[in-house]
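Taking numbering that gives the first Met the number 0, the leading residue of the sequence shown gets 0, the next gets one more, and so forth.
We put the beta carbon where it would ideally sit given N, CA and C, even for glycine.
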Amino acid sequence: MRTLLLLICLSASAALPAAEPLHLLIPAGPGGGLDSTARAIGNALQAGDIRAPVSYENMTGGGGGRALGYFVETAERQQDSLLINSTPLIVRSLQGLFPQSYRDLVPVAALVAEYNVIAVRADSAIQSWPELVATLTRAPRSITTGGGSVRGSLDHVVLVLALDAVGVEPRSVRYLPYDGGGKAMLALLGGEIDVLSTGLGETLSYVTSGDVRVLGIASEARSDQLPEVPTLSEQGADVVFANWRGLFAAPGTTSADAAVLIAEVEAARQQPAWKQSLARYGWSNLTLNGADFTGYLERQENQLRTILTELGFIR
0 MRTLLLLICL SASAALPAAE PLHLLIPAGP GGGLDSTARA IGNALQAGDI RAPVSYENMT
60 GGGGGRALGY FVETAERQQD SLLINSTPLI VRSLQGLFPQ SYRDLVPVAA LVAEYNVIAV
120 RADSAIQSWP ELVATLTRAP RSITTGGGSV RGSLDHVVLV LALDAVGVEP RSVRYLPYDG
180 GGKAMLALLG GEIDVLSTGL GETLSYVTSG DVRVLGIASE ARSDQLPEVP TLSEQGADVV
240 FANWRGLFAA PGTTSADAAV LIAEVEAARQ QPAWKQSLAR YGWSNLTLNG ADFTGYLERQ
300 ENQLRTILTE LGFIR
């Protein structure tokens, strides 16, 4: 009955009725890209009176594996919950770090695509990407890099691709992994690392505050939010890579219930609150639902399998 009522409301272009509470499970700590995206879509759902209240749970551990395993293993109790995840889900599954993959979940909707940036503290002696490359070429152990994911996962992969493209041996460069972009940013600001590979959205507020400077972005064109920052491709590192973030329902979710969830997310996308979040974080809207999202995941899995094999991160 609830499914029928929701679809009738959608077809009439009316506001969706308030529904039961929704719980969002976030496989990373507060402050990073997954956390920000979860709270942005949750805020849009509540602002539009689509789902309310929306609660959030940050579950760290195992590079996201703890939350994934918990969500799959307790699927019967997760019927009013969604797991947010991103590209590292595919990376870690390919590497065998997770026994589960996106195939053990029900893909609901891709939400955003975010490009990685290479950043330093505002007071860093490193003034540009070419200068960083020159320093790493001369003395690779003199610089400590880091990111919000384990070695061989997204932040590290983008950095490795960029360094490899300019002739720097990636394995000679020190990389420290952190559990989420928020912790990685704190490591940069605190001086634990000199260079950070992370998402654009996790960096913008620190650029605005004058604490961080971006050396390059792994996008096809310059960002509207940071038009003065050249792409990595402009600076000789031909690297373009976007990190998706999306929502998954628990195993066993019926196609009818998945359709309701998709309709709710689509309604949330129309809310001003969601559009404001896209602008605030520099995210690109990635509108892929259900089977289209699954097809996208399959294509990226094939792409990443090739890249990771060539880089030696999987066999």
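- Look at Ile40 here: in three-state DSSP terms it is helix.
- The DSSP assignment places complete alpha helix (DSSP H) segments of no fewer than 4 residues inside the region 127-181 at 128-137 and 153-164, in order along the chain.
- In this structure, Gly32 lies near Gly180, with their beta-carbon atoms less than 8 Å apart.
- Within the region 25-111, complete alpha helix (DSSP H) segments of at least 4 residues are found at 32-46, 64-72 and 87-93, given in chain order.
- Apart from sequence neighbours up to five positions away, the residues of its chain that approach Ile192 with a beta-carbon distance below 8 Å are Thr143, Thr144, Gly145, Leu175, Ala183 and Ala186, ordered along the chain.
- Annotation: the continuous beta strand (DSSP E) that includes Thr197 extends over Val194 to Gly198.
- Going by C-alpha positions, Leu195 is about 8 Å away from Val116.
- With a cutoff of 8 Å on beta-carbon distance, Ile313 and Gln94 are scored as near each other.
- The beta carbons of Ile83 and Arg244 sit closer together than 8 Å.
- Closest in alpha carbon position to Val238, among Phe247, Ser218, Ser254 and Ala74, is Ser218.
- Taking the CA atoms as reference points, His22 sits about 25 Å from Val90.
- For Gly289, no beta strand (DSSP E) run applies; the uninterrupted alpha helix (DSSP H) run containing it begins and ends at Gly289 to Leu310, by DSSP.
- With a threshold of 16 other beta carbon atoms within 10 Å, Thr308 falls short and is exposed.
- Cα atoms of Leu88 and Pro271: separation of roughly 29 Å, rounded to the nearest angstrom.
- Under the criterion of beta carbons closer than 8 Å, Val107 and Ala267 do not qualify as touching, at roughly 12 Å.
- For Gly209 against Tyr280, the beta-carbon gap comes to about 18 Å, at or over 8 Å, which does not count as contact.
- Going by DSSP, Arg279 is part of the alpha helix (DSSP H) stretching over Pro271 to Tyr280.
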